[in-house]
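Visitor:
In my numbering, the protein residues as written are 2 to 829.
1) Please report the Cβ distance between residue 445 and residue 472, rounded to the nearest whole angstrom; I am assuming they are in contact, meaning their Cβ atoms lie under 8 Å.
2) Kindly list the residues whose CB is nearer than 8 Å to the CB of residue 797, restricted to its own chain and excluding five residues on each side of it in sequence; keep chain order.
3) Would you check if the distance between the CB atom of residue 743 and the CB atom of residue 673 is smaller than 7 Å?
4) For residue 754, count the other beta carbons within 10 Å of its own beta carbon; 16 or more makes it buried, fewer makes it exposed. Which is it?
5) Distance, Cα to Cα, residue 371 vs residue 191?
6) Taking the beta carbon of residue 347 as the centre, do at least 16 other beta carbons fall within 10 Å, making it buried, or is it exposed?
7) For residue 670, which three-state DSSP category applies?
8) Over what stretch of residues does the alpha helix (DSSP H) that includes residue 594 continue unbroken?
9) Does the distance from the C-beta atom of residue 641 to that of residue 434 stay below 7 Å?
10) Just to confirm my understanding: we take residue 163, look at its own chain, exclude 5 residues before and 5 after, and list those with CB closer than 6 Å. What are they?
11) Does the distance from the CB of residue 157 to the CB of residue 119 come in under 7 Å?
12) How big is the Cα-Cα spacing for residue 419 and residue 768?
13) According to DSSP, simplified to helix, strand and coil, what is residue 441?
14) Is DSSP giving residue 768 helix, strand or coil here?
15) What residues in its chain sit with their C-beta under 7 Å from that of residue 518, if we drop five residues either side in the sequence?
16) How is residue 569 classed by DSSP in three states: helix, strand or coil?
17) Assess contact between the stretch 762-777 and the stretch 645-660, defined as three or more Cβ pairs (one per stretch) separated by less than 8 Å. Is contact present?
18) Would you list, in sequence order, the uninterrupted alpha helix (DSSP H) runs of no fewer than 4 residues that lie entirely inside the stretch 454-519?
19) Does DSSP classify residue 186 as helix, strand or coil?
20) Mapping the DSSP letters down to three states, classify residue 636 as helix, strand or coil.
21) Using the three-state DSSP reduction, which class does residue 18 fall into: helix, strand or coil?
22) Let me make sure I understand the geometry here. Which of 510, 495, 447, 132 has the alpha-carbon closest to that of residue 481?
23) For the beta strand (DSSP E) containing residue 653, name the first residue and the last one.
24) Which residues in the same chain as residue 168 place their Cβ atom closer than 7 Å to its Cβ, once the five residues preceding and following it in sequence are excluded?
25) Using the C-alpha atoms, what's the distance from residue 249 back to residue 297?
26) Does the distance from the C-beta atom of residue 802 to that of residue 777 stay below 7 Å?
27) Consult DSSP for residue 787 and reduce its assignment to one of helix, strand or coil.
28) So which of 232, 226, 500, 223 has the shortest CA-CA distance to residue 730?
29) Along the chain, where does the beta strand (DSSP E) that runs through residue 384 open and close?
30) In whole angstroms, what is the alpha-carbon distance linking residue 550 and residue 562?
31) If distances are taken between C-alpha atoms only, which option among 230, 196, 503 comes closest to residue 380?
32) Are there 16 or more other CB atoms within 10 angstroms of the CB of residue 142, so buried, or fewer, so exposed?
33) Measuring straight from C-alpha to C-alpha, what distance separates residue 415 and residue 245?
34) Could you tell me whether the Cβ atoms of residue 462 and residue 453 are closer together than 7 Å?
35) For residue 721 versus residue 745, is the C-beta spacing smaller than 7 Å?
Written out as structure tokens, the structure reads:
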């Protein structure tokens, strides 16, 4: 389902040629349908049935299900739709069986809501929230409905998180929600975490819902008695599929008592069944599950978040980091009944000073974050937390594992070579070619099984069977298992010349046979993170590189090392020549990496957005150097260790594009206007946006009409042609007050150059970060290229844009201060 938080689009398997369409695309022709002759009132259709008639129809359907389940044969009524089989396991034996008679049992939709769950004040401070009290009340409540935690409780957390823009309040809400589950129904913690993170499996499992807008729109019409015109009117008004479901549920006067309360585990299991449905009849099976989920939703808010879950856009302002923080804090306070590990007392934490409480929180958070970065799978992390709580042992239990990709370390951006040399002054470092290819992790176990993963942790094993076949030839006799990292680049096998990334994109992604490969590749290895069952992350880059080059064997034009030189900040001429040779070889630039863990007084490790880093790096530094970090300080050495999922100054990238007068930004095209004059047949200008990682929304930052070729304009118009699945109604997740002629479904990242950043009353990008009333915009934006290697989740963030604006302002202030004072002023 296409949403602003979706993953990068994958090539559809050959067995599933049908393309999923956005829900908005199904409203395009509704007006035309509305003009057709209406169905005579005498016909019982899902669009003309009254609530009572629809109720009778569904009651007959459920009666038939009960008869079938009891081994009885029953003929369905002539006007009944196809039976919807139960899709969620239900062990509820406490509820009485429905009466098998012609008497309908109806109640108002408001009265069907779980008022007990919807009254829990999750948004209180965890220091005062009485999780034990609410857990006991809810357990008694759930006992009458099967014993498992209800989906209404998760809905309550979503509603409260969505009602605030405060990061602290969102985290507190999730912490308290998780605490209640830990103490009241530990078995529901894992499915709740998956549901709250808009996913059902780790990215390398490739378990996706595969739902089109058709399935959801059909379910909304059938379950809530809407017609196409009514559904389109709601979508045009609210612009969000979840809000449409909310309004449709509210307008439904009656609901049937028959459906049992939706459970957290049941909702998650239903999503897994949707994703597992393959082959012939799978779309019908998925449709039935979607309808059952909407049918079982007891209130308007449950309906809203069920649909938002199905379209994978919860809009609760919680991202991956938020959930990891919430998990860490929740397990500081709570543990399941019978667990043997200790937790902090609520009273004890409440008595701590603010800085001491922050330090306690931070220590737990860094353990959980570090574990997830090394082993990004909640299926392993959550059970481990339930068993032993937040402890260093988690890093061992949920650490590096072959065939489970770790989140890669990232490099900070530098403006130019002089900036890089300044940051690494007095250091030994390695300069490497930054190849224009695809980053890859290669995993091999003791049995010789090989897995290859992308930087986004997606499996690429089927894409590169030629690399898989190389593994027995490249590993030395002493190597049994390993995880290494490199760059896959398209290479001319005869000449060894590097080819552009666009050539690599022509290679198929699935079911590639070695004999049919036309685009040959070479793996340029640059790091070794695991060998023979031992993690190497805490070793220096010099050590890891030496192991890689001594224990593996090169194969010309197929497997080799990245081209590199070692240098210091005093070797500026040598580094400049190396940079030029990289760009001449069609590389993007160079990567610069600190070689050794040598401490240097006064160093402060900073992230790419200028924020000072602390956490595992400090701990790793103290472990490596045998020193204890000073309390309250963030000063430490630049580390040469491998830090998964971190962007640090110990890795710097210098790209040829950065040597220009300004930075470049990766923006998402979200809308367009009809062009004027020669460009009347194209979309020009085009509205671009940055990503707000906290809210999941896109904030408009500029319009662009420079840098496009006529060929690109035409291709863009063909892609975003009116009536296609790539064009949507006004989305609620794009923040912009203007009225473009067309809205694009967010799915691309464009690299943009610009002159400078300005405050703007029109655009919303980074509003509240630099000004409470104005956002940021770009002067003279110019299109450079489509970033096919990036998903919209990697677009420039509003935080980073604000960081660049502050740097620009500071530079302008310093330049102004350096201006000579006019003589006439000096004389005065």
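Glycine included, each C-beta is placed from N, C-alpha and C at the ideal position.
Guide: Let me spell this out:
1) Looking up residue 445 in the chain shown gives position 444. Looking up residue 472 in the chain shown gives position 471. A Cβ-Cβ distance of about 5 Å is found for the pair residue 445 and residue 472, placing them in contact under the 8 Å criterion.
2) For the purposes of this step, residue 797 is identified with residue 796 of the chain shown, where counting begins at 1. Hits under 8 Å: 666, 667, 668, 691, 692.
3) Walking along the chain shown from the start, residue 743 turns up at place 742. Walking along the chain shown from the start, residue 673 turns up at place 672. Their beta carbons are under 7 Å apart, which means residue 743 touches residue 673 by this criterion.
4) In the chain shown, counting from the first residue as 1, residue 754 sits at position 753. Under this definition residue 754 is a buried residue.
5) On the chain shown, residue 371 is found 370 positions in, with the first residue counted as 1. On the chain shown, residue 191 is found 190 positions in, with the first residue counted as 1. Taking the straight line joining both Cα atoms gives about 19 Å.
6) Taking the first residue of the chain shown as position 1, residue 347 is located at position 346. Classification for residue 347: buried.
7) The residue given as residue 670 occupies position 669 in the chain shown. For residue 670, the three-state secondary structure derived from DSSP is strand.
8) Along the chain shown, one-based indexing puts residue 594 at 593. Boundaries for residue 594: no alpha helix (DSSP H) harbours it, while the beta strand (DSSP E) harbouring it runs 590-595, taken from the DSSP string.
9) Taking the chain shown and counting its residues from 1, one reaches residue 641 at position 640. Taking the chain shown and counting its residues from 1, one reaches residue 434 at position 433. Judged by their CB atoms, residue 641 and residue 434 are not nearer to each other than the 7 Å cut-off.
10) Numbered from its first residue, the chain shown carries residue 163 at position 162. So the qualifying residues of the chain are 317.
11) By one-based count along the chain shown, residue 157 stands at place 156. By one-based count along the chain shown, residue 119 stands at place 118. Against a cut-off of 7 Å, the Cβ pair of residue 119 and residue 157 comes out as a contact.
12) Position 418 of the chain shown, counting from 1, holds the residue named residue 419. Position 767 of the chain shown, counting from 1, holds the residue named residue 768. Taking the Cα positions, residue 419 is about 32 Å away from residue 768.
13) Start at 1 with the first residue of the chain shown, and residue 441 comes out as number 440. When DSSP states are grouped into helix, strand and coil, residue 441 belongs to the strand group.
14) Taking the chain shown and counting its residues from 1, the one referred to as residue 768 is at position 767. DSSP places residue 768 in coil when its eight states are reduced to three.
15) Working through the chain shown from its first residue, we reach residue 518 at position 517. When the five nearest sequence neighbours on each side are left out, the beta carbons in the same chain lying within less than 7 Å of the beta carbon of residue 518 are those of 467, in order along the chain.
16) Locating residue 569 in the chain shown gives position 568, counting from the first residue. Here residue 569 sits in strand by DSSP.
17) These segments do not touch.
18) You should have 466-475, 502-506.
19) Position 185 of the chain shown, counted from the start, is the residue given in the question as residue 186. Annotated three-state conformation of residue 186 is coil, per DSSP.
20) For the purposes of this step, residue 636 is taken as the residue at position 635 of the chain shown. With a pLDDT of 35 at residue 636, under the threshold of 50, the modelled position of this residue cannot be trusted; read the value that follows with caution. In the structure shown, residue 636 sits in a strand (DSSP, three-state: E or B).
21) Here the question's residue 18 lines up with position 17 in the chain shown. Reliability fails at residue 18, whose pLDDT of 41 lies under 50, so the model's placement of it is uncertain and the value that follows must be treated cautiously. Reduced to three states, the DSSP call for residue 18 is coil.
22) Reading the chain shown from its first residue, position 480 is the one you call residue 481. Ranked by how close their Cα comes to the Cα of residue 481, the residues 510, 495, 447, 132 have 447 in first place.
23) What you label residue 653 is simply residue 652 of the chain shown in a count that begins at 1. Looking at the DSSP string, the run of the beta strand (DSSP E) that includes residue 653 is 648-656.
24) Working through the chain shown from its first residue, we reach residue 168 at position 167. The residues are 695.
25) Here residue 297 refers to the residue found at position 296 when the chain shown is read from its first residue. Here residue 249 refers to the residue found at position 248 when the chain shown is read from its first residue. When rounded, the distance between both Cα atoms is 14 Å.
26) The sequence position of residue 802 within the chain shown is 801, counting from 1. The sequence position of residue 777 within the chain shown is 776, counting from 1. In contact: residue 802 and residue 777 (Cβ atoms closer than 7 Å).
27) Against the chain shown, residue 787 aligns to sequence position 786. Residue 787: strand per DSSP, three-state reduction.
28) Reading the chain shown from its first residue, position 729 is the one you call residue 730. Nearest C-alpha to residue 730: 232.
29) Stepping through the chain shown from its first residue, residue 384 is reached at position 383. Counting along the chain, residue 384 falls outside any beta strand (DSSP E), though it belongs to the alpha helix (DSSP H) covering 379-389.
30) For the purposes of this step, residue 550 is taken as residue 549 along the chain shown, with counting starting at 1. For the purposes of this step, residue 562 is taken as residue 561 along the chain shown, with counting starting at 1. When rounded, the distance between both Cα atoms is 8 Å.
31) On the chain shown, position 379 is the one that residue 380 refers to. Nearest C-alpha to residue 380: 196.
32) Within the chain shown, residue 142 is the residue found at index 141, counting from 1. Buried: at least 16 other Cβ atoms inside 10 Å.
33) Position 414 of the chain shown, counted from the start, is the residue given in the question as residue 415. Position 244 of the chain shown, counted from the start, is the residue given in the question as residue 245. C-alpha separation (whole angstroms): 45 Å.
34) Walking along the chain shown from the start, residue 462 turns up at place 461. Walking along the chain shown from the start, residue 453 turns up at place 452. At a Cβ-Cβ threshold of 7 Å, residue 462 and residue 453 count as neighbours.
35) Locating residue 721 in the chain shown gives position 720, where the first residue counts as 1. Locating residue 745 in the chain shown gives position 744, where the first residue counts as 1. Yes, the pair counts as a contact, with Cβ atoms nearer than the cut-off.
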